[in-house]
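S.K.:
In the numbering used here, the protein residues as written are 1 to 514.
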């Protein structure tokens, strides 16, 4: 995956100038050139008739220049930059830019519907209490239009999102979840409101506020579960803290709540059997995988008879995040079993820590927090700094890195980058064979070395001497092949390819961009 950069303001200025020029050229061809040539033909002279190619070429230039602006918007959306100076570049990877560009193009194709929904949202935001019911009835007429519904909910604040849901807008919200263009702030607002307790008393100061009942919240879950695309987007929108709030918060006292919530997750993960429910007992896992105990049994052990409760919970967690694990394994050309092994060992074996340390990571050892997130990647160690210095991942500050590592996707990304870098170092040394398909060695190195001391160790290691795992994680990986193979059954026929002959970032003077 290639790292790319752009200055959005430059792209906007180019697009505005060139698009305007293309529009003027279209007008000139239509109003001046075409009539002149037609008059020349009618006057008896010979002229090749204007065919559609000229119009197509001018139109192509117009749309290309317009797309330049969309690329600039994609950089703003994918770059994740909260504060930057004007005309400063934004750095991201091409996959993130492509994803943002496609979403913006999708939005542009349905902009009329989105704008109409936004206009109705503006009316609700400014409505008097007596007008709310009529506006929600109007929303219901468009409840099957995902783009109208997304435009509506994208333009509400959190309080009015709950008002719309409580007054009859649940079907429209479910439809909006399936659009693929719903804003992150809507996901956050819905997840927060779902987890909140049902107010028992309403004070006079907020009589115009509307609160969802327990029945309405469960009706929303039912609607999401019935729409696989919406369920997938809902499942992907939940952070670990939000999952905890939903499963263990005030709503968990409702008898049907956890079952319905699990049903939504099952609908969003197609490999889980329909109607799958979580086991009744809780696994003894480390804090970073605690919520895996709420997931249904994995599809590779649907009745829980093959593996321990802890192993089944981890397999369910892997199934929930399989797309991210496979993506990062392919990106670094390593065996995805190695990523699973690191996460499973930390969750099952190294499970003495029941909750993350509350001490900030900038506090010196031994008091400071060293690791966080699935796989417990260390926040401020030499190997993490090395993969950023060698441009496997962008350079990040301590607290930014901590926030990324606390998420499943961010943690998986770092684990794969560390393992991929170790494999690159081994390939470059060239005397000991590839370790890309050796999960027991990759996990061993992930736990026990950084890039520099691995380079030194390889330099001293006799040529062609066999690799053997030496630490607890590597040995556990070697001993649990059946468990890891079952995790990989999710990707049968999609194993990593042979190591490429090129792309060896590392100690070269100018390592290639990732």
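Backbone N, C-alpha and C fix where the C-beta goes; we use that ideal spot for every residue, glycine too. Computed from a predicted structure; not experimentally measured.
Exposed or buried, what is residue 130 when buried is set at 16 or more other beta-carbons lying within 10 Å of its beta-carbon?
M.R.: By one-based count along the chain shown, residue 130 stands at place 130. Residue 130 is exposed by the Cβ-count criterion.
S.K.: Could you tell me which of 125, 137, 153 and 126 sits nearest to residue 117, measuring between CA atoms?
M.R.: For the purposes of this step, residue 117 is identified with residue 117 of the chain shown, where counting begins at 1. With distances taken between Cα atoms, residue 117 lies closest to 153.
S.K.: Give me the residue from 335, 284, 218 and 456 with the minimum Cα distance to residue 349.
M.R.: Position 349 of the chain shown, counted from the first residue, corresponds to residue 349. When each option's Cα is compared against that of residue 349, the closest is 284.
S.K.: Along the chain, where does the alpha helix (DSSP H) containing residue 318 start, and where does it finish?
M.R.: Position 318 of the chain shown, counted from the first residue, corresponds to residue 318. Unbroken alpha helix (DSSP H) run through residue 318: 309 to 320.
S.K.: Which value, in whole angstroms, describes the spacing of the CA atoms of residue 298 and residue 382?
M.R.: Within the chain shown, residue 298 is the residue found at index 298, counting from 1. Within the chain shown, residue 382 is the residue found at index 382, counting from 1. Each residue's alpha carbon lies about 36 Å from the other.
S.K.: Counting C-beta neighbours from all protein chains within 10 Å, is the total for residue 567 16 or more, i.e. buried, or is it exposed?
M.R.: Not covered by the structure: residue 567. The range shown for the chain is 1 to 514.
S.K.: On the DSSP bridge list, what partners appear for residue 371?
M.R.: One-based indexing of the chain shown puts residue 371 at position 371. Answer is 378.
S.K.: Hey, how far is the Cα of residue 232 from the Cα of residue 238?
M.R.: Residue mapping note: residue 232 aligns to position 232 of the chain shown, counting from 1. Residue mapping note: residue 238 aligns to position 238 of the chain shown, counting from 1. Approximately 11 Å between the Cα atoms of the pair.
S.K.: Helix, strand or coil for residue 203 per DSSP?
M.R.: Translated into the one-based positions of the chain shown, residue 203 becomes position 203. Legend: pLDDT at residue 203 = 49, less than 50; position of this residue unreliable, value from coordinates given subsequently. Correct three-state label for residue 203: coil.
S.K.: At 4 residues or longer, and completely inside the segment 151 to 223: list those alpha helix (DSSP H) runs for me, N to C.
M.R.: For the segment 151 to 223, whole alpha helix (DSSP H) runs of length 4 or above, ordered along the chain, are 158 to 166, 170 to 177 and 184 to 195.
S.K.: Anyone know if the C-beta pair for residue 458 and residue 440 falls short of 8 Å?
M.R.: Position 458 of the chain shown, counting from 1, holds the residue named residue 458. Position 440 of the chain shown, counting from 1, holds the residue named residue 440. No, these two residues do not count as a Cβ contact at 8 Å.
S.K.: Which full runs of the alpha helix (DSSP H) of 4+ residues lie inside the segment 321 to 355, going along the chain?
M.R.: The segment 321 to 355 contains these whole alpha helix (DSSP H) runs: 322 to 332 and 336 to 348.
S.K.: Do residue 437 and residue 335 have their CB atoms nearer than 8 Å?
M.R.: For this step, residue 437 is matched to residue 437 along the chain shown. For this step, residue 335 is matched to residue 335 along the chain shown. Against a cut-off of 8 Å, the Cβ pair of residue 335 and residue 437 comes out as a contact.
S.K.: Can you tell me which of 407, 413 and 323 puts its alpha carbon nearest to the alpha carbon of residue 269?
M.R.: In the chain shown, the residue the question calls residue 269 occupies position 269. For residue 269, the nearest C-alpha among the options comes from 323.
S.K.: Tell me the start and end of each unbroken alpha helix (DSSP H) in the segment 233 to 263 that is at least 4 residues and wholly inside, in chain order.
M.R.: Entirely contained in the segment 233 to 263, the alpha helix (DSSP H) runs reaching 4 residues are, in chain order, 240 to 248.
S.K.: Please give me, in chain order, every unbroken run of the alpha helix (DSSP H) with length at least 4 that falls completely inside the segment 461 to 486.
M.R.: Within the segment 461 to 486, the complete alpha helix (DSSP H) runs of at least 4 residues are 472 to 479.
S.K.: In terms of residue numbering, what span does the alpha helix (DSSP H) encompassing residue 130 cover?
M.R.: Within the chain shown, residue 130 is the residue found at index 130, counting from 1. First-last for residue 130: undefined, no H or E at that position.
S.K.: State the CB to CB distance for the pair residue 210 and residue 163, rounded to an integer number of angstroms; the pair is presumed to be in contact (CB under 8 Å).
M.R.: Within the chain shown, the letter at position 210 stands for residue 210. Within the chain shown, the letter at position 163 stands for residue 163. Confirmed, Cβ separation roughly 4 Å.
S.K.: I'd like the span of the alpha helix (DSSP H) that includes residue 294, first residue to last.
M.R.: For the purposes of this step, residue 294 is identified with residue 294 of the chain shown, where counting begins at 1. Careful: residue 294 lies outside any alpha helix (DSSP H) and carries neither H nor E.
S.K.: Between the beta-carbon of residue 315 and the beta-carbon of residue 307, is there less than 8 Å?
M.R.: As a working mapping, residue 315 is identified with position 315 in the chain shown. As a working mapping, residue 307 is identified with position 307 in the chain shown. Yes, they are a contact pair.
S.K.: What residues in its chain sit with their C-beta under 7 Å from that of residue 310, if we drop five residues either side in the sequence?
M.R.: Taking the chain shown and counting its residues from 1, one reaches residue 310 at position 310. 283, 284, 285 and 348.
S.K.: From what residue to what residue does the alpha helix (DSSP H) around residue 523 run?
M.R.: What the structure shows of the chain is the stretch from 1 to 514, and residue 523 is not part of that stretch, so it cannot be assessed.
S.K.: Under the assumption that residue 442 contacts residue 338 (Cβ atoms under 8 Å), give the Cβ distance between them as a whole number of angstroms.
M.R.: Mapped onto the chain shown, residue 442 falls at position 442. Mapped onto the chain shown, residue 338 falls at position 338. About 4 Å; that satisfies the 8 Å criterion.
S.K.: Could you tell me the alpha carbon to alpha carbon distance between residue 427 and residue 325, rounded to whole angstroms?
M.R.: The residue given as residue 427 occupies position 427 in the chain shown. The residue given as residue 325 occupies position 325 in the chain shown. Cα to Cα, the separation comes out at about 22 Å.
S.K.: Tell whether a beta-carbon distance below 8 Å holds between residue 252 and residue 258.
M.R.: Taking the first residue of the chain shown as position 1, residue 252 is located at position 252. Taking the first residue of the chain shown as position 1, residue 258 is located at position 258. Against a cut-off of 8 Å, the Cβ pair of residue 258 and residue 252 comes out as a contact.
S.K.: Just to check my reading of the structure: residue 375 and residue 343 have Cβ atoms closer than 8 Å, yes? What is that Cβ distance to the nearest angstrom?
M.R.: Taking the first residue of the chain shown as 1, we reach residue 375 at position 375. Taking the first residue of the chain shown as 1, we reach residue 343 at position 343. Yes, residue 375 and residue 343 are in contact; Cβ-Cβ is about 5 Å, under 8 Å.
S.K.: Which word fits residue 213, buried or exposed, when buried means at least 16 other C-beta atoms lie within 10 angstroms of its C-beta?
M.R.: Sequence index remark: in the chain shown, residue 213 carries index 213 (1-based). Its Cβ having fewer than 16 others within 10 Å, residue 213 is exposed.
S.K.: Decide if residue 144 is buried, meaning its Cβ has at least 16 other Cβ atoms within 10 Å, or exposed.
M.R.: Position 144 of the chain shown holds residue 144. Per the 10 Å Cβ criterion, exposed.
S.K.: Just to confirm my understanding: we take residue 142, look at its own chain, exclude 5 residues before and 5 after, and list those with CB closer than 6 Å. What are they?
M.R.: In the chain shown, residue 142 corresponds to position 142, counting from 1. Excluding positions up to five away in sequence, the list reads 148.
S.K.: Buried or exposed: residue 411, going by 16 or more other Cβ atoms within 10 Å of its Cβ?
M.R.: Taking the first residue of the chain shown as 1, we reach residue 411 at position 411. Buried: at least 16 other Cβ atoms inside 10 Å.
S.K.: Does the Cβ of residue 138 have 16 or more other Cβ atoms within 10 Å, making it buried, or fewer, making it exposed?
M.R.: As a position in the chain shown, residue 138 is number 138, starting the count at 1. Exposed.
S.K.: In the DSSP assignment, the alpha helix (DSSP H) including residue 428 goes from what residue to what residue?
M.R.: Against the chain shown, residue 428 aligns to sequence position 428. Residues 408 to 429.
S.K.: Please classify residue 515: does DSSP put it in a helix, a strand, or coil?
M.R.: What the structure shows of the chain is the stretch from 1 to 514, and residue 515 is not part of that stretch, so it cannot be assessed.
S.K.: Indicate whether residue 178 and residue 229 have their beta-carbon atoms separated by less than 8 Å.
M.R.: Taking the chain shown and counting its residues from 1, one reaches residue 178 at position 178. Taking the chain shown and counting its residues from 1, one reaches residue 229 at position 229. It is a contact, given that the beta carbons lie within the stated cut-off.
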